[in-house]
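To start, the structure under review is shown below, and the notes come after it.
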Amino acid sequence: MRQSIRRRRSVRGDDLVTFISHTAAASGAELATVRLATALEAKGVATSVLFTDTGPMVEELHRRAIPVNVVSGPFDSSRVRIGGSVTALPIGVWHMVHTGWTLGGFAKQSGSTILVAESTKALLMGTIAARRARLPLIWHVHDRISSEYFGTALASIIRVLGWVVSAGYIANSTSTLKSLLTSRKRAVVAYPGIEPVVVPSREPRPPAEVEIAMVGRLERWKGQDLLLRALAVSAFRPSVTFVGGAHFGEDFGTELTELARELGLQDRVTFAGHVSDPTSILADADIAVHCSRTTEPFGQVIVEAMAAGCAVIAANSGGPLEIVSDGVDGLLVDPTDTTSFAAALDSLIEDSDRRSEMAERARATSTRFTIEETAAIVAQFLGVADRDGVGGRGRG
Ligand code: GLC
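So in the working numbering, spot 221 of the sequence shown is number 756, and the numbers just go up one at a time.
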């Protein structure tokens, strides 16, 4: 996996932005990183990506001709879990320090000028890497650093640590930014934009034939079970396709299959597993649902669904509030309230005109979230030169 280390340079200036990620799994933050690196490269900003574990994103970066290396630590990084047992802590810390040191050596030799940590684990390893390579470390925050995710104590530790070790923050939403300690630090919100898709408009299906899609890893916090429960009390019988694999060791898929059977929904629920490009499934769906039970930091899948011409229903907290205007280009619901969730679903299912008007407005909204715009904001923030002469060291 390990490639030779090449020194690279931007079109203008000497910058090389190196992204560090602890996983190359096909999940939201990593997809966003791949898209961002690609868009920065297209602007003439040299980038590279260092993963500390292998996965499908490595191949994807190869395909896009973005330099990528897998820098493995002393053992499988999936064994190091933030918030894991107390005994695992010293081993985890040692592993991260060791890997961080190796990452620093890599970054230095390849001529990196800025390190960008793409996760909390990457931030810990990036801290050591940045010290070794004597480079600034920016934290690109994809998670809300809140007690909901990490517990109160750990969330506070991560917040303080982030403040101490990072030179600045790029947050994927205002909601994420607000969960950080940013006093006297540079910080910017850069919504994760999507790459353009061409999906022709379609006739809305009649209520009895409506198709629903939900894209997201099969993890409890993503709330697929909440959709199943709402469907069980819905006045209609739509078909549902769940797109997404189980990641990071959680076997929520089995639980969901059992729940679908228990609720008598098995004939109209499909678990498609991980699909590398869900566009065609979204392009065929009438409604896309997002129903995370924990506050979603941003919610790229919502924008993808809007761009694919779906009417969307999303959870009414965090990132989705920054994407969807309730009742205009989608509906916002509390997915833990089964009755109101089902009522929102039914209101879209039964009225095909409203559904298709919302879908058209959603399509227009999605054009506000382009990866080019994300890259422009990030380039400006990092102060890296691009082909248009925007940015540049010291000017950002
Ligand atoms: C993470 C977040 C998700 C966001 C993505 C890209 O996966 O959970 O909300 O869309 O990162 O920033």
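For every residue, glycine included, the Cβ atom is placed at its ideal position computed from N, Cα and C.
So, for residue i: in the same chain, excluding its five sequence neighbours on each side, which residues have a beta-carbon less than 7 Å away from its beta-carbon?
| i | result |
| --- | --- |
| residue 769 | 877, 880 and 881 |
| residue 836 | 750, 751 and 825 |
| residue 844 | 734, 736, 737, 818, 894 and 898 |
Taking only heavy atoms of the ligand GLC into account, decide whether any of them is closer than 6 Å to the Cβ of residue i.
| i | result |
| --- | --- |
| residue 799 | no |
| residue 916 | no |
| residue 879 | no |
| residue 604 | no |
| residue 759 | no |
| residue 851 | no |
| residue 563 | yes |
| residue 727 | yes |
| residue 567 | yes |
| residue 832 | yes |
| residue 825 | no |
| residue 809 | no |
| residue 677 | yes |
When the Cα atoms are used, what is the spatial distance from residue i to residue j?
| i | j | result |
| --- | --- | --- |
| residue 894 | residue 811 | 23 Å |
| residue 932 | residue 644 | This structure cannot speak to residue 932, because the chain is shown only from 536 to 931. |
| residue 790 | residue 672 | 40 Å |
| residue 667 | residue 652 | 15 Å |
| residue 914 | residue 633 | 30 Å |
| residue 855 | residue 815 | 22 Å |
| residue 639 | residue 741 | 57 Å |
| residue 695 | residue 717 | 10 Å |
| residue 708 | residue 684 | 16 Å |
| residue 825 | residue 758 | 8 Å |
| residue 869 | residue 598 | 40 Å |
| residue 901 | residue 793 | 35 Å |
| residue 916 | residue 764 | 43 Å |
| residue 581 | residue 674 | 18 Å |
| residue 728 | residue 886 | 30 Å |
| residue 735 | residue 842 | 10 Å |
| residue 693 | residue 591 | 28 Å |
| residue 577 | residue 641 | 24 Å |
| residue 715 | residue 858 | 20 Å |
| residue 568 | residue 596 | 10 Å |
| residue 918 | residue 730 | 23 Å |
| residue 710 | residue 906 | 19 Å |
| residue 637 | residue 682 | 31 Å |
| residue 796 | residue 561 | 28 Å |
| residue 571 | residue 706 | 13 Å |
| residue 574 | residue 606 | 24 Å |
| residue 725 | residue 910 | 8 Å |
| residue 670 | residue 588 | 22 Å |
In this structure, how does DSSP classify residue i when only helix, strand and coil are distinguished?
| i | result |
| --- | --- |
| residue 861 | strand |
| residue 771 | coil |
| residue 941 | This structure cannot speak to residue 941, because the chain is shown only from 536 to 931. |
| residue 808 | strand |
| residue 630 | helix |
| residue 746 | strand |
| residue 831 | strand |
| residue 955 | A query on residue 955 cannot be resolved here, the shown segment of the chain reaching from 536 to 931 and no further. |
| residue 884 | helix |
| residue 875 | helix |
| residue 498 | No answer is possible for residue 498: it lies beyond the span of the chain, which begins at 536 and ends at 931. |
| residue 553 | strand |
| residue 700 | helix |
| residue 734 | coil |
| residue 781 | coil |
| residue 800 | coil |
Starting from the C-beta of residue i, find all residues in its chain whose C-beta is less than 8 Å away, skip the five residues before and the five after it, and write them out in chain order.
| i | result |
| --- | --- |
| residue 720 | 698, 701, 702, 703 and 704 |
| residue 538 | The predicted position of residue 538 is uncertain, since its pLDDT is 45 and thus under 50; no value can be drawn from it. |
| residue 654 | 556, 557, 558, 564, 677 and 678 |
| residue 799 | 767 |
| residue 739 | 821, 887, 888, 890, 891 and 894 |
Beta-carbon within less than 6 Å of residue i's beta-carbon, same chain only, minus the 5 sequence neighbours each way: which residues are those?
| i | result |
| --- | --- |
| residue 852 | 830 |
| residue 665 | 650 and 672 |
| residue 883 | 822, 846 and 890 |
| residue 807 | 776 and 778 |
| residue 551 | 543, 581, 646, 647 and 648 |
| residue 840 | 817, 823 and 847 |
Counting Cβ pairs, one atom from each stretch, are 3 or more of them under 8 Å apart for the stretch 818-837 and the stretch 794-803? no
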